[in-house]
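Below is one structure, written out as C-alpha cells; comments come after it.
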DNA sequence: GGCCAGGACACCA
DNA sequence: TGGTGTCATGGC
C-alpha cells in the first residue's frame, strides 16, 4: 500500500472533481426508483437501465404498491433491455417481499434503520450484494458509505493503492478510514470513478489524457 | 463479431 | 477464501 493513502485518495478526488465537476448522481426521481436502478444496473450499461426504467415508468410500476403485484413474466419483459432480465425481475420482487416483510411496505420505515443494521438486512436479500446494498445506502438512504465498483478497483490497483485481488470490504475501508468523507463527497467520488473509468481506466488503459496520469 | 458494461450467486475444491 | 460458470441486452 502507498505510504500515505489518505493523501493519495484526496489527491485523486481533487483531480477528478476539478476535471469533471459534479456528476449529479443518482439520476432518479424517487428513492424507490434509485433502489430499482441499483438492482437493474448490475453489470450493465446505464443506457440499457434507462430503457428498462422508462418501460417501468410507462407501466406505472415505479411505485411499490404496483410493482409488487405485477406478474414476474411481465416484469421480466419490461426490464429486458437491462439484460439478465429474468434474474433482475426476480430480484426486484425479492426486494418488494423484503420491504413488505420487514417494514410492511413502508420505505420510510426502512430508512429509519441504523446504517449497519440496514446494510446487513439488505445483504440478506437474494440478489443484493455489497455494491448494490451500498448504492442503496448512499444514494437512496443518504448514508456516508463508500461504494466500490469495478472501476474503483481498477483505478486503485493501477495506481498502486490496492492489490488487484483486494476484497470489497478492504477497498471500502481504505476510503472510509482514510477520508473525512461525508455523503456528498462519497456520492461524487464514486460517480467520478465511473466517469474516469469509462473514459480512461478501461480494460485496455487509455492513460494519455487521463487526469490521474500523474497521480499515485 | 468480439468485447464490455455502474454484480451476484451457485458450485466446487 | 478463491476460482469459474451463468445470467443477457445493446453500443462500439
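Numbering (this note's numbering), first residue to last: 1 to 216.
The C-beta atom is built at its ideal place from N, Cα and C for all residues, glycine as well.
Note that the structure is a prediction, hence the values are computed from the model and not measured.
Between residue 41 and residue 53, the alpha-carbon positions lie close to 10 Å from each other. Under the three-state reduction of DSSP output, residue 41 falls in the coil class, being neither helix nor strand.
Classified as exposed, residue 66 has fewer than 16 neighbouring CB atoms from the shown chains inside 10 Å of its CB.
Put simply, of 97, 179, 34, 150 the residue whose alpha carbon is nearest the alpha carbon of residue 139 is 34. Taking a C-beta distance under 8 Å as the contact criterion, residue 70 and residue 62 do not qualify as a contact pair.
Approximately 17 Å separates the beta-carbon atoms of residue 179 and residue 196; this is outside 8 Å, ruling out the contact. Nearest to residue 176 by alpha-carbon distance, out of 147, 154, 165, 166, is 147. Under the three-state reduction of DSSP, residue 25 is assigned to coil, being neither helix nor strand.
Just so you know, the alpha carbons of residue 111 and residue 187 end up roughly 18 Å apart. By alpha-carbon distance to residue 137, the top candidate from 200, 114, 159 is 114. In the three-state DSSP reduction, residue 134 falls in the helix class (H, G or I). When the beta-carbon positions are compared, residue 124 and residue 93 stay at least 8 Å from each other. By alpha-carbon distance to residue 205, the top candidate from 154, 133, 161, 215 is 154. In this structure residue 161 does not touch residue 27 by the C-beta definition: roughly 28 Å separates them, more than the 8 Å allowed. By alpha-carbon distance to residue 192, the top candidate from 149, 166, 108 is 149. DSSP places residue 58 within a helical segment (H, G or I) once states are collapsed to three. Selection 76, 97, 201 evaluated against residue 89 yields 76 as nearest (Cα-Cα).
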